[in-house]
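As structure tokens, the structure follows; a few thoughts come after it.
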Amino acid sequence: MKKIMALVLCIVFVVSLMAGCSSSGEAFSQRAYTADGAQIRGIHMDVRDREITVSPSPDDQIHLVYFENSKEYYDISVSADKVLTITSESSKEWTDFIGGKPAAEDRKISLQIPDALIGYLILSTTNEDITLSALRIEDTVSLSANGGNIIFDTLDVGKALALTAKNGNISGTVAGSYDDFSIVTEIKKGESNLPEKKENGEKTLTVSCNNGDVDIAIGQ
Numbered sequence: 305m306k307k308i309m310a311l312v313l314c315i316v317f318v319v320s321l322m323a324g325c326s327s328s329g330e331a332f333s334q335r336a337y338t339a340d341g342a343q344i345r346g347i348h349m350d351v352r353d354r355e356i357t358v359s360p361s362p363d364d365q366i367h368l369v370y371f372e373n374s375k376e377y378y379d380i381s382v383s384a385d386k387v388l389t390i391t392s393e394s395s396k397e398w399t400d401f402i403g404g405k406p407a408a409e410d411r412k413i414s415l416q417i418p419d420a421l422i423g424y425l426i427l428s429t430t431n432e433d434i435t436l437s438a439l440r441i442e443d444t445v446s447l448s449a450n451g452g453n454i455i456f457d458t459l460d461v462g463k464a465l466a467l468t469a470k471n472g473n474i475s476g477t478v479a480g481s482y483d484d485f486s487i488v489t490e491i492k493k494g495e496s497n498l499p500e501k502k503e504n505g506e507k508t509l510t511v512s513c514n515n516g517d518v519d520i521a522i523g524q
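Following my numbering, the numbering of the sequence shown begins with 305 at its first residue and continues without gaps.
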């Protein structure tokens, strides 16, 4: 018994020592990125453990505000086919994961985009929410949250809307009429106000939710 207790105390001491040496407490700095909306055809954001908020831009520019340090940062680039890509990057070692996660304000990403100017919008995150204000996107929108909610105000899409949530809810309003959409809904361990399948719509609405509820209004 004494040997077991000594081993446990030794493990606790080592973990505490590594936590004290960890750089996970490094301060985050606010950063900003701006792009000409007329030069961007689509936006693809794939991040981890970050809350994403999207709202209309006050001008024809794309504005991105985020927080990073030397351990947690972002790769931001524009491809030859005019796609703005934002992905989360990390140079953490395993000892950096000991301790708490960054403060809530450091886990936020704010994206402002010109209304009705962007062709498509793809957003994906984990353990946080995705929230959109009323927006118009020319072609398609795809939103995915694993461990968070998807919340949107009136969302106007030209062709398709795809929503995927796991361990979170999906709620919002889609612009247009019910007849505009072909609908496919897959729900596990939750409730939905949408039909499993509806055909004969020019646009598509695809919803997948695992362990959460779906409440989507169309044309209200």
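Here a beta-carbon is modelled for each residue, glycine too, at the ideal position from N, C-alpha and C.
Report all residues from its chain with a CB closer than 6 Å to the CB of residue i; omit the five preceding and five following residues, and keep chain order.
i	result
arginine 354	Arg411, Ile413, Thr429 and Glu432
leucine 427	Met349, Ile356, Ile434 and Leu447
cysteine 513	Ala469, Ile474, Ile491 and Gly494
glycine 359	A quick correction: the sequence has serine, not glycine, at residue 359. The answer, listed in chain order, is Gln416 and Ser437.
glycine 516	Ala469, Gly472, Asn473 and Gly494
valine 393	It is worth fixing the name first, because residue 393 is glutamate in this sequence and not valine. For glutamate 393, where only same-chain residues beyond five positions count, the Cβ hits under 6 Å are Tyr377 and Asp379.
glutamate 442	Gly423 and Gly462
valine 351	Ser392 and Thr429
asparagine 497	Asp519
Could you say which of the options lies nearest to residue i if we only look at CA atoms?
i	options	result
alanine 479	Thr489, Lys463 and Glu330	Lys463
valine 461	Gln416, Gly523, Asp519 and Thr391	Gly523
threonine 525	Gly494, Leu509 and Leu447	A question about residue 525 goes unanswered here, because the residues of the chain that appear run from 305 up to 524.
glutamate 503	Phe332, Phe485 and Ser475	Phe485
threonine 444	Leu459, Asn450, Glu490 and Ser437	Leu459
glycine 451	Asn471, Ser437 and Ala342	Asn471
aspartate 364	Ile487, Ser496, Gln343 and Thr489	Gln343
histidine 367	Asn373, Ser383 and Ile390	Ile390
lysine 507	Glu409, Asn497 and Val488	Val488
asparagine 373	Phe332, Ser496 and Gly423	Phe332
isoleucine 422	Ala408, Ala407, Leu388 and Asp483	Leu388
leucine 465	Leu509, Ala408 and Ser481	Leu509
serine 481	Gly505, Glu500 and Lys501	Gly505
Assuming residue i contacts residue j under a Cβ cut-off of 8 Å, what Cβ separation, rounded to an integer in Å, is found between them?
i	j	result
leucine 425	isoleucine 347	5 Å
valine 511	leucine 467	5 Å
arginine 345	lysine 386	4 Å
Leaving out five residues on either side along the sequence, give the residues of the same chain with a beta carbon under 8 Å from the beta carbon of residue i.
i	result
glutamine 334	Val369, Tyr370 and Phe371
glutamate 330	Asn373, Ser374 and Lys375
Closer than 7 Å by C-beta to residue i: which residues in its own chain qualify, once you throw out the five before and the five after it? Chain order, please.
i	result
glycine 476	Ile455, Phe456, Asp457, Leu459 and Ile520
Using 8 Å as the threshold, is the segment 373-386 in touch with the segment 445-457, meaning 3 or more CB pairs across them?
no
Pairs of beta-carbons, one from the segment 417-427 and one from the segment 329-340, closer than 8 Å: are there three or more?
no
Complete beta strand (DSSP E) runs within the segment 363-411 (minimum length 3 residues, chain order)
365-372, 376-382 and 387-394
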